[in-house]
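Colleague:
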Amino acid sequence: MRRLLLGACALGLLAAAACESRQPATRAGETLDRAGSRTGEALGRAANDTGAAIGRAGNWMRDRTR
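Each residue of the sequence shown is one higher than the one before, counting from 0 in numbering that gives the first Met the number 0.
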């Protein structure tokens, strides 16, 4: 009886460990992926905004030097 109870407990612990949806390293990796994506998007927007500002400055300079 004792062996059966110990076996059931061991099986329950293994099943509980296997049912964890995501390991800590997986969660950390996903968080880093999201952070990298968001950083890349922010840099892209900043580059576009900078390019537009340079274009406006160039147009202003062209208009002033005519």
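Heads up, the beta-carbon is just placed ideally off N, CA and C, and yes, glycines get one too. Predicted model, so just to flag it, every value in this text is computed and none were measured.
Return helix, strand or coil for T64, following the three-state DSSP convention.
Modeller: coil
Colleague: Rounded to the nearest angstrom, what separates N58 and A45 at their Cα positions?
Modeller: Spanning the two alpha carbons is a distance of roughly 20 Å.
Colleague: Could you tell me the distance, in whole angstroms, from the CA atom of R26 to the CA atom of G35?
Modeller: 14 Å
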